[in-house]
Amino acid sequence: MSKQARIIVGVIIIVVFLVVGFMSFMDSKIEYVNFKEAESRQRTVEVKGQWVKDKGEKFDVKDNTFTFNMKDDFGTEMKVVFDGAKPNNFEVAEAVVVKGKMKDGYFHAKDILTKCPSKYEANGSDVKGNEEKKPEIKN
Amino acid sequence: MAGKILIYAAFFASILSVVTFFMVHLGKEKYLKFGRLFFHITAISIISASIYLLYLILNHHYEFAYIWEHSNSELQLPLLISTFYAGQEGSFMLWTFMTAVIGIFLLNYVSKGDRLEPQVMSIYALVIAFLAFILILKSPFLYVWDKWPGDVEIGFIPEKGKGLNPLLQNFWMSIHPPTLFAGFSSLAVPFCFAIATLMKNRYDDWVKFSMPWLLFSGGVLGLGIMMGGYWAYGVLGWGGYWAWDPVENSSFIPWLVTVAAVHTMIAQKRTGGYKKTNLILCILSFLLVLYSTFLTRSGILGDSSVHSFVDPGQEVYLALVVFISFFILLAIGTLIYRRKELIALNLHPNKLLSRESSLFLGTITLCAAALVITAGTSWPIISKGSVDATFYNKMNLPIAIMIAFINGIALLLKWKTTPEKQFFKSLMFPLILALMVTVGLVFVGVQDFLIALFALAALFTFFINIEIAVNIVRKNRGQAGAYIAHVGLALVFLGIIGSSKYSKEENISLQLNTPTPVPALGYTFTYVGATPFEDPNNKTDTKYHFNIKVEKDGKEMTMQPIMYFSEFSNGVMKNPDIANFPTRDLYLSPMGLEQPSQFSEKDIHEMKKGEEVKVGDMKVQFIDFDFGGIEQGGKEMQSGNFMMGATLKVTDSKFTETISPKIKYTNGEPEFIPAGMTGNENYEFFFTKMNVTEGAIATVAIVDKRNPDKGNGVTEETLVITASIKPFINVLWIGTVVLVMGFVVSIFRRRKELNS
Chain A
29 MSKQARIIVG VIIIVVFLVV GFMSFMDSKI EYVNFKEAES RQRTVEVKGQ WVKDKGEKFD
89 VKDNTFTFNM KDDFGTEMKV VFDGAKPNNF EVAEAVVVKG KMKDGYFHAK DILTKCPSKY
149 EANGSDVKGN EEKKPEIKN
Chain B
816 MAGKILIYAA FFASILSVVT FFMVHLGKEK YLKFGRLFFH ITAISIISAS IYLLYLILNH
876 HYEFAYIWEH SNSELQLPLL ISTFYAGQEG SFMLWTFMTA VIGIFLLNYV SKGDRLEPQV
936 MSIYALVIAF LAFILILKSP FLYVWDKWPG DVEIGFIPEK GKGLNPLLQN FWMSIHPPTL
996 FAGFSSLAVP FCFAIATLMK NRYDDWVKFS MPWLLFSGGV LGLGIMMGGY WAYGVLGWGG
1056 YWAWDPVENS SFIPWLVTVA AVHTMIAQKR TGGYKKTNLI LCILSFLLVL YSTFLTRSGI
1116 LGDSSVHSFV DPGQEVYLAL VVFISFFILL AIGTLIYRRK ELIALNLHPN KLLSRESSLF
1176 LGTITLCAAA LVITAGTSWP IISKGSVDAT FYNKMNLPIA IMIAFINGIA LLLKWKTTPE
1236 KQFFKSLMFP LILALMVTVG LVFVGVQDFL IALFALAALF TFFINIEIAV NIVRKNRGQA
1296 GAYIAHVGLA LVFLGIIGSS KYSKEENISL QLNTPTPVPA LGYTFTYVGA TPFEDPNNKT
1356 DTKYHFNIKV EKDGKEMTMQ PIMYFSEFSN GVMKNPDIAN FPTRDLYLSP MGLEQPSQFS
1416 EKDIHEMKKG EEVKVGDMKV QFIDFDFGGI EQGGKEMQSG NFMMGATLKV TDSKFTETIS
1476 PKIKYTNGEP EFIPAGMTGN ENYEFFFTKM NVTEGAIATV AIVDKRNPDK GNGVTEETLV
1536 ITASIKPFIN VLWIGTVVLV MGFVVSIFRR RKELNS
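Just so you know, the sequences run in chain order A and B. Count along the first sequence starting at 1, add 28, and that's the number in the numbering used here. Count along the second sequence starting at 1, add 815, and that's the number in the numbering used here.
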C-alpha cells in the first residue's frame, strides 16, 4: 500500500470509530431530570428526590418489587416501583436517586442509589462521644 | 508534631533535590552528591513519617483525628494496619510512601551507568514534592482539637475510635489498595524517563532503561485491578466483578495506556521506530494516573459514583488541579521545546505485514478503548448526567475482538517483513482449530454474532500463543513472558464471555422451612433460619448467617449469605455466599428479610408520653401506659403471662374519649386486643409495642376499618435472595493470574537484557 492509501484507510477507520462511538454515546447517556421531564422522555433517566415517609414502603414478596412514593426536588410526587428488595440504607438516606423510566403512570426503577453523605464525615461533637440517638430500625 | 515535621522535611528536601539534580543537568557535576543526599533525606523522611503513623495506629492514639475517624481497638492486626489507608489523608500517605520506596530503588538503578540520572531524578523528586505538599494540606497527623477547634478542647483524648467502615473489613482491604498504589506510584518512572530523554535530547536508550519499570507497573496495576474486581464480586455482593464505575475505570485507563506503551516500546527496541509514540504514551500513562486521582478524590463525581470519596475541601481540590495542570504543562512544554528534533526523527518505513505494524495497530486499538472509557467517565463533569454501563460494553466489544485478532496475527508476523504465503499458511491451523471450537460453542448456545466472533478471536489467539509458548518454554524459558501474558488475556476474554453474557439470574423469596416449589436455576433452595456469629473484627454489630439448604440431583449443601445491621453505616450490610464449581459459580446474594407484620407501615405511630398525632379528622394523644395493677418489670412480667394497655385520648369532630387498647401475653406470645371509640366506629386502635428504655414510647396502630390495609402480606419469615449462575468464571480468574505471571517473566527478561 502506498503511503497515501494508508492514510486514507486510517482516516476512514477513525471517522467510522468516532461516528459509531458518538451514536452509541448519545444512546446510552443518562440525564438527570425531574419526574415531569421524565414523563415526556421515552428513555432511561435518573431522578433525585426524597422518599415520602408518610406513605410508607412495601415489598411484594410475590413479584419481588419494592414500592414507595418519592418526591423530586421540584415537589412532584411519584410512585416508584423497583425490581428488587429494599436497598441498603434506605431509611436513613437523605436523598434517593432512581434510575429507570416512566411506564403506565409510575416510575419503573432499574436501580436505586441511596445517598448518605454524612456517612464518612464526623464532627466535633462525635469526638466527645455525645452522639445523637440513632433511630430504631424496624423490620 | 513529629509527623508534621517529617512531612515538611520531606517537602523541602525534595525541592532541594529537584534544584540540585537540575544543576547537574545543566552541567554542574559537583552537585550530584547533594542531589542524591537530598533525595535520600526526602525518602527517609517520608518512610519515617509512614512508620510513625503506623506506630500511632497500632497503639491507638485517638487524639489524632485521622486515626480516631478510621480505626478502633477491636480490629485485628491485618485490618488495624489497613486503617493506615482507609481514608483520604492516609491513602495519599500510602501513595507518597510507595513513591519514596520506589524512588530509592530508582536512584540506585539510574546511578549505574549513563542512565539519565540527573534528569530522571529531578522530575521524580518533583513528583514527591507535590505529593508531600498535598500531605501538608491534608495531614493525617492532625489532632482532634486542631480539626474541630471549639468543639474539642486541647489535650482531649477520645477513648475509642469510630472504627473502620464495615465494607472495608475484609481480607482484600489488606492487599488491594497497596497493590494498586504500587502500580500508580511506579508509573511516575516511565514518565520521568520520557521527560528526561527529552531534556537530554537523546531518543534511543531510554526505552531500554524504562522497559522493566513499565512492565512492573503493568503487572502490578493489573494485579491490583483484578483484586478489586474479585473483592467486588466475592464480598461486596455487587453481583459482578466489573461495573464500569468511575473508580474502577479510572484505574483501568492508565493500565490500558501502559500496556499499549509496552507494545510500541518493544517495536522501538527492535526497529528504532515509534519514538514519538512511545514518548507520548509514557507521558500519558502518568498524566492519566493524576487525572484519575483528580476524578476520584476531588469529589467531582460525587453524584455518579457509589464509592467516590467525599469532597476533600477547597484547598485540596485546588492543589490537585495545580498538580495535574503543572505536569500537563511540563510535558507539553518539553515536547514543544524539542519540536524540531522530534519532527526530524524519521517516520519509520514499515511494511503492513510486519510485526511492528501489527504492534502499532494493537497500541492504537488499546488507546481507542482508553479513549472510549475516558469519555464516558468524564461525561458527568461536562454535563448533568451520566453514561450507562451499556455504552462501555457496546463500544469495547468490537475493540476487544480486534485486540484478540491483532494479538494472534502479530505473533505470526516477523519483524520488518513477512512473506505472504508463509503468513497465510501459518494462519490456517490455529484459525481452523478456533473455528471448530466456536462452531461447537454456537451449538451449545452462543448465538449472538458478535459474541461468537469474540469467542473465535479469543480462541484464535489462545491457540497461537499456546503453541508458541510451549515451543519457547522448551528452548528458552526467559522469552516466554509475552506468550504467557497473552494466553492469560485470551482466557480472560473467554471467562468474560461465559460469566457475563451467559450468566443467569433470578430473584427468589424463601419462606422459612419451605423449599422452593419449582427448582430455580436447577436448584431447590430452602431457607432454614438465621444464626448469629461473632466477627472478631467487629464486636459492635451482631452478624447473621442466613442458612440456605441447596439441593440438586440428590446432593445437598448449605450456603450462608450474611446480613447485619451496621452501627457504623447505620444501615443493613449484606455479603453474598458463593459455591465454586469447576465450570461455574452459584452466587447467592441476600436482598432482605421480611417479617410478618399485621399492620401497614403507614398505620403505625410511635408516640412519646403526651405526644399527639393526627389521623384523618382525629387527634390521638398517648397519655400513659396502663399496667393494670402489676408491677413494671416485676414477677408477672417476667413470667411472660400478663396484660397491659396504653391509655389514649382520642378527639374527633364530635367527641373526646379515653380508650385503652391492650396487649395480652401468654407465655411471651403477644395478642393484640383492639379498642375503638363508641361514637366513631371507623377506626380500630391496636397497642403493639412498649418501649421504656428511651423514655415511655408506645407504638400504636390505627387502622381505618373502611379501608383496611393488610400489612405486607407476609405470613411467614421470608428471606429474599438473588441467585445467579456465573459460567466459567474460574477461567477469568485463572486468566488474570496467568496474565500477571506473564508480566513477571517479562520483567526478568528485560532486566537481564539490560545487563548484557
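Built from N, CA and C at the ideal position, the CB exists for glycine as well.
Query, Result
"Are the C-beta of residue 52 of chain A and some C-beta of chain B separated by less than 7 Å?", "yes"
"For the region 41-67 of chain A, which residues have a CB atom closer than 7 Å to at least one CB atom of chain B, in sequence order?", "45, 49, 52, 53, 56, 57, 58, 59 and 60"
"Name the chain B residues whose beta carbon is nearer than 7 Å to that of residue 110 of chain A?", "Under the 7 Å cutoff, chain B gives no residues; its nearest Cβ is about 11 Å from residue 110 of chain A."
"Taking only the alpha-carbon atoms, compute the straight-line gap between residue 1195 of chain B and residue 1099 of chain B and give it to the nearest angstrom.", "22 Å"
"Quick test of your reading: residue 866 of chain B and residue 886 of chain B, contact by CB under 8 Å. State the CB separation rounded to the nearest angstrom.", "16 Å between Cβ atoms; not a contact."
"Strictly by DSSP, which residues pair up with residue 1101 of chain B?", "For residue 1101 of chain B, which the question treats as bridged, DSSP gives no partner whatsoever."
"With residue 1249 of chain B as the anchor, note down where its alpha helix (DSSP H) starts and where it stops.", "1235-1259"
"Which class does residue 1388 of chain B belong to by DSSP, given the choice of helix, strand or coil?", "strand"
"Look at residue 1400 of chain B and residue 1379 of chain B and say whether their C-beta atoms are less than 7 Å apart.", "no"
"Around the C-beta of residue 848 of chain B, are 16 or more other C-beta atoms found within 10 angstroms, so that it is buried, or is it exposed?", "exposed"
"If contact means a Cβ-Cβ distance below 8 Å, which residues of the region 1380-1392 of chain B contact chain A?", "1380, 1382, 1384, 1385, 1386, 1387, 1388 and 1389"
"When you compare the CB positions of residue 1011 of chain B and residue 942 of chain B, do they come within less than 7 Å of one another, or not?", "no"
"Between residue 1060 of chain B and chain A, is the shortest Cβ-Cβ distance under 7 Å, so that the two count as touching?", "no"
"Taking the alpha-carbon of residue 1225 of chain B as reference, which of B:1171, B:1369 and B:1453 has the nearest alpha-carbon?", "B:1171"
"What residues of chain B sit near residue 113 of chain A, judged by a beta carbon separation below 7 Å?", "1406, 1407 and 1535"
"Listing by chain order, which chain B residues have their CB less than 8 Å from the CB of residue 120 of chain A?", "1385 and 1386"
"Spatial neighbours of residue 60 of chain A within its chain, please: C-beta separation below 6 Å, excluding the five flanking residues on both sides.", "74"
"So that I know if they touch, is there some Cβ in chain B lying closer than 7 Å to that of residue 103 of chain A?", "no"
"One question on the structure: do residue 915 of chain B and residue 861 of chain B come within less than 7 Å of each other, judged by their Cβ atoms?", "yes"
"Determine the closest residue to residue 130 of chain A out of A:109, A:116 and A:122, with distance taken between C-alpha atoms.", "A:109"
"Residues of chain B with CB closer than 8 Å to the CB of residue 97 of chain A, please, in chain order.", "Within chain B, no residue comes near residue 97 of chain A; the closest Cβ sits about 10 Å away, beyond 8 Å."
"For residue 1395 of chain B, which option in B:1548, B:1068 and B:1518 has the closest C-alpha, if you only look at C-alpha atoms?", "B:1548"
"Strictly under 7 Å for the Cβ-Cβ distance: is residue 1479 of chain B near chain A by that measure?", "no"
"Please classify residue 141 of chain A: does DSSP put it in a helix, a strand, or coil?", "strand"
"Please give the ranges of any alpha helix (DSSP H) in the region 1131-1197 of chain B, keeping only runs that are unbroken, at least 4 residues long and fully inside the region.", "1154-1159 and 1170-1197"
"What in chain B is Cβ-close to residue 83 of chain A, meaning under 7 Å?", "1417"
"Can you name, in chain order, every residue of its own chain whose Cβ lies under 8 Å from the Cβ of residue 964 of chain B, other than the five neighbours on each side?", "none"
"Counting C-beta neighbours from all protein chains within 10 Å, is the total for residue 1522 of chain B 16 or more, i.e. buried, or is it exposed?", "exposed"
"Which residues bound the beta strand (DSSP E) around residue 1436 of chain B?", "1433-1441"
"Does the region 985-998 of chain B touch the region 820-830 of chain B, meaning 3 or more C-beta pairs lie closer than 8 Å?", "no"
"Counting along the chain, where does the beta strand (DSSP E) carrying residue 169 of chain A start and finish?", "For residue 169 of chain A there is no data in the structure shown, the boundaries of chain A being 29 and 167."
"Just to confirm, is the Cβ distance from residue 1561 of chain B to residue 89 of chain A under 7 Å?", "no"
"By DSSP, does residue 1399 of chain B sit in helix, in strand, or in coil?", "strand"
"Can you check whether the C-beta of residue 973 of chain B is within less than 7 Å of a C-beta belonging to chain A?", "yes"
"Is the closest heavy atom of the ligand SAH to the C-beta of residue 1317 of chain B under 6 Å?", "In the structure shown, the ligand SAH is absent, as is every other ligand, since no ligand is present at all."
"Would residue 44 of chain A pass as a contact of residue 79 of chain A if the rule is Cβ separation under 7 Å?", "no"
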